[in-house]
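Here the sequence shown is numbered in this note's numbering, starting from 2 and rising by one per residue.
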Amino acid sequence: MAEGVVKTFPGTVKPILELCMAHDINIMQMPCPETICAAGGLGRGPHGKKWYEKRGLRVTAREIAEGQVDYMTRLRAHGMEILAIIGVDFSPACAVNYLNKGRSIHRDKGIYIEELERLLDMRGLKIPFIGICQRWEKKMMTDLQGVLVPRMT
Numbered sequence: 002m003a004e005g006v007v008k009t010f011p012g013t014v015k016p017i018l019e020l021c022m023a024h025d026i027n028i029m030q031m032p033c034p035e036t037i038c039a040a041g042g043l044g045r046g047p048h049g050k051k052w053y054e055k056r057g058l059r060v061t062a063r064e065i066a067e068g069q070v071d072y073m074t075r076l077r078a079h080g081m082e083i084l085a086i087i088g089v090d091f092s093p094a095c096a097v098n099y100l101n102k103g104r105s106i107h108r109d110k111g112i113y114i115e116e117l118e119r120l121l122d123m124r125g126l127k128i129p130f131i132g133i134c135q136r137w138e139k140k141m142m143t144d145l146q147g148v149l150v151p152r153m154t
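Put into structure tokens, the structure is as follows:
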């Protein structure tokens with residue numbers, strides 16, 4: 002491991018990177034609202050959506066989403082296609098499909114994804130969202146291939 006590089010989570014995105022590289026798809030990573038939010042930070046412990054909602058993540062997520070939607074609007078205006086927005090399921094900010102609520106899993110979205118969807122809708126931008134989860138790698142890859150690969154063939 003290179004000095005200064007910290008690895009705290011398994012390589013959830015490795016299959017995504019490999020798929021995108023195999024089809025010459027560019028990837029642009031958005032900022033993580035949980036690390037920027039005043040109640041979050043890089044050394045934060047795990048918390049749920051309600052905890053973050055009460056501590057300002059919605060405001061942080063909205064600010065980031067506004068900048069990202071502006072950027073996506075400019076990309077589209079210059080003829081670039083945005084194939085999908087990928088979010089990490091179970092994240093209180095970036096979940097597309099599922100959140101943990103105590104000891105159970107519920108269909109729900111993260112705060113940042115809600116803000117992105119709302120702003121994209123206001124601008125009339127239709128971009129599919131894909132939730133990824135290391136637990137369900139096969140489903141994740143099927144969903145990704147469904148959106149990404151057909152457009153490249």
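Every residue, glycine too, gets a C-beta built ideally from N, C-alpha and C.
- Would you mind working out which of Ser92, Phe130, Ile37 sits nearest Pro47, comparing C-alpha positions? Ser92
- Message: Let me check one thing: in DSSP terms, what residues is Ile106 bridge-paired to?
- Response: Asn101
- Can you tell me the Cβ-Cβ gap for Leu100 and Lys55, rounded? I've got them flagged as a contact below 8 Å. Contact flag wrong, Cβ pair sits at about 15 Å.
- Item | Met22 versus Ala39: straight-line alpha-carbon distance, rounded | 35 Å
- Who are the near neighbours of Asn98 in its chain, counting only those whose CB is closer than 7 Å to its CB and skipping five residues on each side? Asp90, Arg108, Gly132
- For the beta strand (DSSP E) that contains Gly88, what are its first and last residues? 86–89
- Going by the CB atoms, is the gap between Cys95 and Gly103 shorter than 8 Å? no
- Message: Looking at the secondary structure, which residues open and close the alpha helix (DSSP H) in which Gly68 lies?
- Response: 58–78
- Query: In the DSSP assignment, what residue or residues form a beta bridge with Gly132?
  - Reply: Gly88
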